[in-house]
Every structure is written in structure tokens, then in C-alpha cells.
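Trainee:
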Amino acid sequence: MEYIVEKIGMSRTITNPSIAVTLLRVVNAKVCEVENGKALVAYAQGKKNNKCIAGQQRKYKLSAEFNRFAVLEVANTEAGDLDETPLTQAKILKVSFNSKGRGYSGVIKRHGFSGGPASHGSRFHRRHGSIGNREWPGRVQPGMKMAGHYGNVKISVKNEIVSYDTENKILVLKGAVPGYNGAMGKIRIAK
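To convert, note that position 117 of the sequence shown is 117 in UniProt numbering; the numbers rise steadily by one, no gaps.
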């Protein structure tokens, strides 16, 4: 079973020893249609609206707040509110979020290179150094670690469930989850 979630942030438990936890809110979603265990699910995120979304809202008789759609594996057999009862028995979740985007980064930040001496005119401080071989192969090898776009890629991790508040739809997971606070992601029951 899969669910759309929003990352609230991190906290700690008050038990001894204390453990770091991540809080996720299960987003209110409606199942539009079900086929072979997969379902088209509508949920609310932001104020995005266009003719395509308006057409889908009319087709499935949705209110204006449900403006995003996703295909998920669900426990439902028919259209209606998303069934969240499997979360009460779940122990381990596979959590997928986009990592924090860090833009164009150098090799020290992106790949953990050490850099050169800071003084005595070395002129080699935070650069990557040599990237090629000799006359053969006469090109840069594929996979060479260089400066470039860092972050904003999908990352999936497995986390243990500490608790689940069914009334407020808040999941408490052991450990960290990728992404910024307020990010939307997907969870899947692994065990």
C-alpha cells in the first residue's frame, strides 16, 4: 500500500535513551478509480489549476482543492476516501522523497574532495585537479567526478514506525528522511 505524505520535520522522543524521529503527515486523498490493485488518487497541493485539472475534477466529481493526481497501490476496491487502516499494522516503511537541492556545487561539496594547500601560492585550493590521461584515450573518462548539479534527486530509505496517530494522521518514523520540511513524498508499506 502506498500513501502521499508531507514532511513536517524532525524531533526526539522523551524516552531514555532518546531517539531521533521524523514526523510525516499523511495527506488527505480520494481514490478516483481502481484497476488491478492500482488506483488513480487525487490529493491537494498548492493552488495549481488548468483546463486539464478542471476536466479531471469534473469527471470524478472532486472539489477544487484536489488538484494533483498520482497512481498508487491501494487497499481500496472502489472509489472514495483512501483506506488508511493498513498503516496501523505496519512496522517498516519505504519512504521516497527528493533530496534537498544544492544547485551547482564544486567537487569538495559534491564529492568530498579534500582540496589543496591554502597558502604559499599553491593556486590549487578547491579545484578538482587533473581530469584526463595522456594521448590515449585523449578524452575524459565517463563517470569522472566533477562540479555540477547536486541534490534534488529521488532517494528512498527504509524507516521503522515508532507511532501513528490516526486522528491527526501523523506518522512518527525512527531516523532521518531526505527532503526539506514541507516536502511532499511517497511512503510504501514494506513490512
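Built from N, CA and C at the ideal position, the CB exists for glycine as well.
Does Pro117 come out as helix, strand or coil in the three-state DSSP assignment?
Mentor: coil
Trainee: Using only alpha-carbon positions, find the residue among Asp81, Lys154, His111 and Val153 that is nearest to Lys145.
Mentor: His111
Trainee: Can you give me the start and stop residues for the beta strand (DSSP E) that Ala54 sits inside?
Mentor: Here Ala54 belongs to no beta strand (DSSP E); instead the alpha helix (DSSP H) covers Lys51 to Lys59.
Trainee: Can you list, in chain order, the residues of its chain whose CB lies under 7 Å from that of Asn154, leaving out five sequence neighbours each side?
Mentor: Position check: residue 154 holds Lys in this sequence, whereas Asn was assumed. Correct list, in chain order: Ser96 and Asn98.
Trainee: Measuring straight from C-alpha to C-alpha, what distance separates Ser130 and Pro178?
Mentor: 33 Å
Trainee: I'd like the span of the alpha helix (DSSP H) that includes Val157, first residue to last.
Mentor: Where Val157 is concerned, there is no enclosing alpha helix (DSSP H), although the beta strand (DSSP E) it sits in stretches over Lys154 to Asp165.
Trainee: Can you give the Cα-Cα distance for Ala183 and Glu6, rounded to whole angstroms?
Mentor: Note on geometry: alpha-carbon atoms of Ala183 and Glu6 lie some 6 Å from one another.
Trainee: Return the CA-CA distance between Ala190 and Ala90, expressed in angstroms with no decimal places.
Mentor: 8 Å
Trainee: Around the C-beta of Gln141, are 16 or more other C-beta atoms found within 10 angstroms, so that it is buried, or is it exposed?
Mentor: exposed
Trainee: Within its chain, find whatever has a CB closer than 6 Å to the CB of Pro117; leave out the 5 residues flanking it on each side and keep chain order.
Mentor: none
Trainee: Taking buried to mean at least 16 other C-beta atoms within 10 Å of its own C-beta, is Lys48 buried or exposed?
Mentor: Residue burial is scored here from C-beta neighbours: Lys48 has fewer than 16 other C-beta atoms within 10 angstroms and is therefore classed as exposed.
Trainee: Specify the secondary structure class of Ile4 as computed by DSSP and reduced to three states.
Mentor: strand
Trainee: Does the stretch 72-90 touch the stretch 121-140, meaning 3 or more C-beta pairs lie closer than 8 Å?
Mentor: no
Trainee: How is Arg110 classed by DSSP in three states: helix, strand or coil?
Mentor: Note: Arg110 maps to helix in three-state DSSP.
Trainee: Roughly how many whole angstroms lie between the Cα atoms of Gly55 and Trp136?
Mentor: 59 Å
Trainee: Going by other Cβ atoms of all chains shown within 10 Å of its Cβ, with 16 needed for buried, is Thr166 buried or exposed?
Mentor: So Thr166 ends up on the exposed side.
Trainee: So the candidates are Ala20, Asn152, Phe69 and Gly132; which of them puts its Cα closest to the Cα of Tyr180?
Mentor: Asn152
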